[in-house]
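Residue numbers (my numbering): 57 to 525.
For every residue, glycine included, the Cβ atom is placed at its ideal position computed from N, Cα and C.
One structure is given here, and the rest of the page talks about it.
This is the structure we're talking about:
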C-alpha cells in the first residue's frame, strides 16, 4: 500500500474521511442533522427507499457537500487579506507605473464553482481579477483567489458574484481600482415532454459578466483595454461583457423568460418536499424569505422530480418486448460474417444518487449484425439511454443497464461506453474542473474478442464528451 498502511486505508474508506481534512463533530452538528432529515424527505418524495444500498449514506453525503459548498457564509474577507498586504514602493524614478504605485496586476483563470440561488444547481465559473495597487502596497496574489472563493461558496447570481468580489477587494486592499470578469456556465437539462425530439439540445447556458471599481468604474476607460488585452488568449470579448440590471432576463434556465417551458410538467410541487428544501436553506445560513430565494424551493423540487422513481416510457418503435433475430435464413452466423455497427454521441442526463447532483454526457453503443441487416434506428437507442438516465443513478449501473437492454433486443453482442461530466467533481471538496469519467460494458463477442473491441473504441471521437467550455 506504499505510504498508506492497509489498515489505515480501510478505516478511511469505511468512515469516508477525506485525508488531511477530518472535521471532528461535523456529523453531529444540528445543521448537518437538519439537512440529512430534509434529504430523506426529498428521497421519499421521489418514491425511493432511503434504506436501500446506495442511498443509506446519501443524506449525510448531501449535507457534507452543501455545507462545504456554502462555507463562504462562515468566512470573512478581512481576515484573509489583512495578513497578506506587503509594502512595495515601485518606481523611484523615470516615467511609468510599477508595483505599489500604479502597475496593473492580473490573476487569470481562477476556477470556482457556486450554487445558483434560483435552482440550487451548481454552476462553474472561470474568474479573472485585476487591480491597480496604490499606497505603495500589494496583496499576496493567492489571496485574490481566496477572496473570490469566499463569495463563490454562497448561493449566487453571476452579476452579484462579480460585484461582491470586486467590492470586497476594493475595500480590503484599498487599491486605485479593481476589475473582475466572470465566465459562468450553468447546466441546462432538456424539457422532459420533448426529450425524444431534442436532437440539438444545448446542455449549457453561458454568460460573461464584469464589475469594476475606482479606475475601472467606467467600462470605457483605457485601463479596461489593458486588462482585456492580457485576457485575449482566454477568449474574452469586451462586447460580450456586460452588467445585468433588474430588467435583464435571469440566466438560470429554471426561470427563463424566453418562452421555454419549465423542465418539469408534473403539476404543483410536493409541499413536504418544498418545506424540506426551505429547511436546507436555513441550515446553510440563508433566509428562505429573501426575495431571490422565495421560489427556489419550488423550482428545485420541480427539477428533482424529473428523476422520480416512475415509469418513463421507452419508445422502442415497434421492437418493444421482442428480441431481434440477427441470423441469416441459412442458419447460425459466424463471428466473421458479422459487421460492427455503432451509434455514437447519444446524449444523456442523470442524477447521482450519492450526492443528488447532476451528471451528463454521451453514450456510445456498438453491436454486431449480419450483412444486409438494417441498423437500429438512432431514436430507439436514444430512447433506451433516456429511459435509464432519468433516474437516480450511478454511472456504472447506467452503463450496464443500457448494455443489457440493447443486448436483449439484438442477441447479445453489444458494447457500451458512457462518458460523463459529474458536477459532484466540482462542487465538493475535490473541486476538480475539466475531469470526465468513462465506463464500459461488454457483452457477447465483445467480451472475448479484443479486435472487435479495438475497432469500436477507435471509432469513438476524441472530443465526444461536452465539457461546457
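Beta carbon of residue i, beta carbon of residue j: below 7 Å?
i           : j           : result
residue 261 : residue 309 : yes
residue 440 : residue 461 : yes
residue 263 : residue 307 : yes
residue 396 : residue 511 : yes
residue 101 : residue 326 : yes
residue 476 : residue 417 : yes
residue 464 : residue 470 : no
residue 175 : residue 355 : yes
residue 133 : residue 195 : no
residue 480 : residue 412 : no
residue 419 : residue 443 : no
residue 209 : residue 127 : yes
residue 207 : residue 217 : yes
residue 452 : residue 495 : yes
residue 423 : residue 454 : no
Check for me: the beta strand (DSSP E) holding residue i runs from which residue to which?
i           : result
residue 162 : 161 to 172
residue 202 : Taken as a continuous stretch (DSSP letters only), residue 202 belongs to no beta strand (DSSP E), being part of the alpha helix (DSSP H) at 197 to 208.
residue 401 : 394 to 408
residue 101 : Looking at the DSSP string, residue 101 is not in any beta strand (DSSP E); the run it does join, the alpha helix (DSSP H), is 86 to 101.
Does DSSP put residue i in a helix, a strand or coil?
i           : result
residue 461 : helix
residue 77  : A caution first: residue 77 carries a pLDDT of 42, below 50, which makes its placement in the model unreliable, though a value can still be read off. Note: residue 77 maps to coil in three-state DSSP.
residue 453 : helix
residue 106 : coil
residue 358 : helix
residue 111 : coil
residue 179 : strand
residue 126 : coil
residue 496 : strand
residue 268 : strand
residue 142 : strand
residue 241 : strand
residue 119 : helix
residue 327 : helix
residue 414 : strand
residue 332 : helix
Skipping 5 residues on each side, what residues in its chain have a beta carbon closer than 7 Å to that of residue i?
i           : result
residue 116 : 83, 92
residue 96  : 106, 115
residue 399 : 421, 434, 437
residue 364 : 102, 103
residue 197 : 163
residue 379 : Confidence in residue 379 is poor, its pLDDT being 43 and thus under 50, which makes the residue's placement unreliable; the coordinate value appears in the next sentence. Contacts found: 464, 465, 467.
If I measure Cβ to Cβ from residue i and keep anything under 6 Å in the same chain, skipping five residues before and after, which residues do I get?
i           : result
residue 187 : 161, 231, 234
residue 87  : 339
residue 353 : 330, 333, 334
residue 239 : 182, 264
residue 119 : 88, 91, 92
residue 283 : 186, 235
residue 347 : none
residue 311 : 174
residue 4   : This structure cannot speak to residue 4, because the chain is shown only from 57 to 525.
residue 110 : 409
residue 184 : 164, 237, 287
Report buried or exposed for residue i, applying the criterion of at least 16 other Cβ atoms within 10 angstroms of its Cβ.
i           : result
residue 114 : buried
residue 429 : buried
residue 165 : exposed
residue 108 : exposed
residue 178 : buried
residue 227 : exposed
residue 130 : exposed
residue 112 : exposed
residue 362 : buried
residue 425 : buried
residue 219 : buried
residue 498 : buried
residue 513 : exposed
Name the two residues that bound the continuous alpha helix (DSSP H) containing residue i.
i           : result
residue 283 : 278 to 285
residue 513 : 506 to 514
residue 216 : 214 to 229
residue 341 : Element bounds for residue 341: n/a, residue is neither H nor E.
residue 444 : 434 to 445
residue 477 : Run containing residue 477: none in the alpha helix (DSSP H); it sits in the beta strand (DSSP E), 470 to 478.
residue 136 : 133 to 137
Closer than 8 Å by C-beta to residue i: which residues in its own chain qualify, once you throw out the five before and the five after it? Chain order, please.
i           : result
residue 349 : 173, 211, 337, 342, 343
residue 402 : 418, 419, 420, 421, 434, 437, 438, 441
residue 271 : 188, 232, 233, 277, 279
residue 450 : 110, 408, 409, 410
residue 292 : 184, 237, 239, 264, 284
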